[in-house]
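Each residue of the sequence shown is one higher than the one before, counting from 0 in numbering that gives the first Met the number 0.
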Amino acid sequence: MLLPTPIQNLIDALSRLPGIGPKTASRLTFYLLRAPDHFSLDLADALQNLNSGTAFCRTCFNITEADRDECPICASPDRDRTYLCIVEDPLDVLALERTGGYRGRYHVLHGTLSPIDGVGPEDLRIRELLERLQVEQIHEIILATNPSLEGDATAMYLRQRLKPLGIHVTRLARGLPVGGDLEYADQNTLLRALSGRQEMD
Ligand SMILES: [Zn+2]
0 MLLPTPIQNL IDALSRLPGI GPKTASRLTF YLLRAPDHFS LDLADALQNL NSGTAFCRTC
60 FNITEADRDE CPICASPDRD RTYLCIVEDP LDVLALERTG GYRGRYHVLH GTLSPIDGVG
120 PEDLRIRELL ERLQVEQIHE IILATNPSLE GDATAMYLRQ RLKPLGIHVT RLARGLPVGG
180 DLEYADQNTL LRALSGRQEM D
């Protein structure tokens with residue numbers, strides 16, 4: 000082994016991150032090695048608190064701080080509780096919040112249906128969604144899954160499940176790049192998709 004074990008260990012750990020190959024991982028590792036001590040310590044601290052300091056909102060399953068029961072959106076009295084926007088993951092909440100065009104609340108599925116990867120309805124927060132709908136007075140559900148194959152399939156599946164409940168169900172308008180990801184859409188495109196949302200039948 001050419002490199003001391005602690006260095007190799009960090010390179011290996013960083014290489015497992017999405018979008019980071021062995022080359023970038025090595026560059027980051029040597030950057031940290033030469034950086035002032037507090038830099039690595041701050042990073043280690045942030046990593047350690049990442050899981051222990053966060054939790055899922057018990058209502059919408061967005062990520063929130065560990066000492067809170069509900070995320071700030073669910074807890075806010077200013078949000079319209081008759082609108083529910085269904086998204087794939089917490090970054091989509093962030094993307095929609097950035098548009099400033101939505102005043103309802105959310106429900107985070109944590110993924111999409113994907114039979115190929117063995118992801119079925121029971122692996123997403125769908126049961127929790129149906130439970131919510133029994134106690135909350137929802138006027139409209141906006142299906143804001145990504146405009147991808149899996150996102151569309153998930154929206155279709157939810158439409159079928161929600162149909163018998165007699166709730167108004169809409170889907171974000173087309174115009175978002177197909178196969179794209181909500182979190183990378185620019186604010187105007189997302190705002191247009193939101194305001195042009197269409198009834199799903
Ligand atoms: Zn919440």
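Here a beta-carbon is modelled for each residue, glycine too, at the ideal position from N, C-alpha and C.
Only a predicted model underlies this, so the values are computations on that prediction, with no experimental measurement involved.
Any non-hydrogen atom of ligand 1 closer than 7 Å to residue i Cβ
{"i": "Glu149", "result": "no"}
Residue of the options minimising C-alpha distance to residue i
{"i": "Gly110", "options": "Glu130, Glu87, Val92 and Ile125", "result": "Glu87"}
{"i": "Gly165", "options": "Glu69, Leu95, Met199 and Thr28", "result": "Met199"}
{"i": "Phe60", "options": "Ala154, Leu157 and Ile125", "result": "Ile125"}
{"i": "Leu142", "options": "Gln136, Arg160 and Val134", "result": "Arg160"}
{"i": "Pro3", "options": "Ala65, Arg15 and Leu32", "result": "Leu32"}
{"i": "Ile115", "options": "Arg170, Ala152 and Val134", "result": "Ala152"}
{"i": "Ile62", "options": "Gln47, Asp91, Leu46 and Pro163", "result": "Asp91"}
Residue i versus residue j: straight-line alpha-carbon distance, rounded
{"i": "Leu112", "j": "Arg67", "result": "29 Å"}
{"i": "Gly103", "j": "Leu1", "result": "56 Å"}
{"i": "Asn145", "j": "Asp185", "result": "14 Å"}
{"i": "Leu132", "j": "Arg78", "result": "17 Å"}
{"i": "Gly100", "j": "Gly18", "result": "31 Å"}
{"i": "Ile85", "j": "Ile140", "result": "7 Å"}
{"i": "Pro89", "j": "Cys56", "result": "11 Å"}
{"i": "Gln136", "j": "Glu130", "result": "12 Å"}
{"i": "Leu49", "j": "Thr169", "result": "35 Å"}
{"i": "Cys73", "j": "Pro21", "result": "41 Å"}
{"i": "Ala34", "j": "Arg26", "result": "12 Å"}
{"i": "His167", "j": "Asn187", "result": "25 Å"}
Short Cβ contact (8 Å threshold) for residue i with residue j
{"i": "Thr83", "j": "His106", "result": "The question names Thr, but residue 83 in the sequence shown is Leu. Cβ distance < 8 Å, so Leu83 and His106 count as in contact."}
{"i": "Leu13", "j": "Thr28", "result": "yes"}
{"i": "Ala94", "j": "Glu149", "result": "no"}
{"i": "Ala24", "j": "Ile10", "result": "yes"}
{"i": "Ala43", "j": "Gly52", "result": "no"}
{"i": "Thr98", "j": "Leu157", "result": "no"}
{"i": "Glu69", "j": "Thr58", "result": "yes"}
{"i": "Arg196", "j": "Gly174", "result": "no"}
Below 6 Å from a heavy atom of ligand 1 - residues by beta-carbon: Residues flagged by the Cβ proximity filter: Cys56, Thr58, Cys59, Asn61, Glu69, Cys70, Ile72 and Cys73.
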